[in-house]
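Enquirer: Below you'll find the structure I mean.
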Amino acid sequence: MSATIIDGTGIANLIYQEIAEEVKLLLDAGRPAPHLAAMVIGNDGASKSYIESIRKRSQQTGITHSIYQLPETAKKEDVIETLRFINQDAEIDGFILQMPLPKHIPADEIIACMNPDKDIDCFTAINNGKLFLGEDTLFPATPWGTIELLKRSGISVSGQNCVVVGRSNIVGKPLALLLARNHPDANATVTLCHSRTRDLQRVCAEADILFVAIGKPEMITHEYVKEGAVVIDIGIHRLPDATLEKGYRLCGDVKYDEVAERASWITPVPGGVGPMTMACLLINTLKAYKGKEKNL
Ligand code: NDP
1 MSATIIDGTG IANLIYQEIA EEVKLLLDAG RPAPHLAAMV IGNDGASKSY IESIRKRSQQ
61 TGITHSIYQL PETAKKEDVI ETLRFINQDA EIDGFILQMP LPKHIPADEI IACMNPDKDI
121 DCFTAINNGK LFLGEDTLFP ATPWGTIELL KRSGISVSGQ NCVVVGRSNI VGKPLALLLA
181 RNHPDANATV TLCHSRTRDL QRVCAEADIL FVAIGKPEMI THEYVKEGAV VIDIGIHRLP
241 DATLEKGYRL CGDVKYDEVA ERASWITPVP GGVGPMTMAC LLINTLKAYK GKEKNL
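The numbering of the sequence shown is this note's numbering, which starts it at 1 and goes up by one.
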């Protein structure tokens, strides 16, 4: 068997198109465009490509964007002051803070200052609490993107044995909660694994749908995968490769070639889950905008 590839790039582009159409309707009705603000601390390669991606996708969809760029040396107080300004600016609907923060800035203190209504990454305790309670909220972009990817590929998770490997607060744990919700797009039976899971290989090999967010390049080999399973690889890594002009290649947490021979569906890296994260941040910006309009 050779797996069908789940086309994250194509699905994300479709979402950008849908958002652009909604934003156009708003503008045609004389409403302002939704507004996304991003705070980036430092100026390394990752920060630059993050800003570039926000610019490109905002322009593509008609969403207004503002970038608040702080130096690597910014103090905690500088970050909180900028955040308070963003919290209070009625024109800003959605806010993202690029992670990880420099070591001298405590992420928990910064997140505690975020306005949950603008928290499109679902970092705040309020939005995570709503997710836990099964209420609607601004769902975290990567896990939500993963669910959207399956839904739009026609793969139902309802009643399926879903195994999630990785229990981080931004990926694995919220993904498990989203999959287990009492909701037509969810209703999965979920097992959440981590570094202390006994016999991980056996647990994974029982999954109808295997979600991998470990942060270990190509750790999941074909032995972890049941014949015909759906495999969703959330990991992304740059591996040095002197044979390539750019000097590296991208890979996920799954050993793609051999797992693709066993799975029925698989996400590639790049081009699988990755593109869905930015698309879902823009979905959330629109959702935050609509939430604000409702409360006016
Ligand atoms: P974290 O490092 O925060 O979490 C990794 C999780 O994997 C932990 O729960 C850890 O267990 C578990 N783990 C580590 N090693 C093993 C092992 N040998 N066996 C079983 N479980 C293990 O990572 P993130 O969740 O932030 O990210 C995971 C991957 O997803 C990374 O490659 C990251 O780059 C990628 N990512 C991709 C995004 C996208 O947009 N596509 C967005 C965010 C992340 P324990 O808790 O016990 O330590």
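Even for Gly, the Cβ is constructed at its ideal location relative to N, Cα and C. Quick caveat, the model's predicted, so the values are computed rather than measured.
Taking its Cβ as the centre, do 16 or more other Cβ atoms sit within 10 Å of Q201, making it buried, or is it exposed?
Expert: Exposed is the call here.
Enquirer: What residue ranges within the region 198-238 form continuous beta strand (DSSP E) runs of no fewer than 3 residues, ordered along the chain?
Expert: Runs of the beta strand (DSSP E) inside the region 198-238: 209-212 and 230-233.
Enquirer: Let's see if you can read the secondary structure: which residues bound the beta strand (DSSP E) around S47?
Expert: Counting along the chain, S47 falls outside any beta strand (DSSP E), though it belongs to the alpha helix (DSSP H) covering G45 to T61.
Enquirer: Could you check whether the Cβ of L149 sits closer than 7 Å to any heavy atom belonging to the ligand NDP?
Expert: No, the beta carbon of L149 sits no closer than 7 Å to any heavy atom of the ligand NDP.
Enquirer: Do V164 and L138 come within 8 Å of each other at the CB atom, strictly closer than that value?
Expert: Taking 8 Å as the Cβ cut-off, L138 and V164 do not qualify as a contacting pair.
Enquirer: For K151 and A176, what's the separation of their Cα atoms in angstroms?
Expert: Going by the C-alpha atoms only, they are around 16 Å apart.
Enquirer: Excluding five sequence neighbours on each side, which residues of the same chain lie with their C-beta closer than 6 Å to the C-beta of G271?
Expert: The residues are G8 and T9.
Enquirer: Pairs of beta-carbons, one from the region 111-131 and one from the region 255-274, closer than 8 Å: are there three or more?
Expert: Contact between the region 111-131 and the region 255-274 is absent, because fewer than three Cβ pairs lie under 8 Å.
Enquirer: Whole angstroms is fine: what's the gap from D13's alpha carbon to A279's?
Expert: It is worth fixing the name first, because residue 13 is Asn in this sequence and not Asp. Computed Cα separation, rounded: 8 Å.
Enquirer: Alpha carbon to alpha carbon, how far is V230 from E52? Give it in angstroms, no decimals.
Expert: Distance between the alpha carbons of E52 and V230 is about 32 Å.
Enquirer: So which of P275, I41 and T61 has the shortest CA-CA distance to L70?
Expert: Selected option, being the one with the closest Cα: I41.
Enquirer: On the three-state DSSP scale, how would you describe M114?
Expert: Coil at M114, not helix or strand.
Enquirer: Compute the Euclidean distance between the alpha carbons of G166 and A205, then round it to the nearest angstrom.
Expert: Their backbone Cα atoms lie some 16 Å apart in a straight line.
Enquirer: From the DSSP output, in three-state form, read off L101 for me.
Expert: If DSSP states are grouped into helix, strand and coil, L101 belongs with coil.
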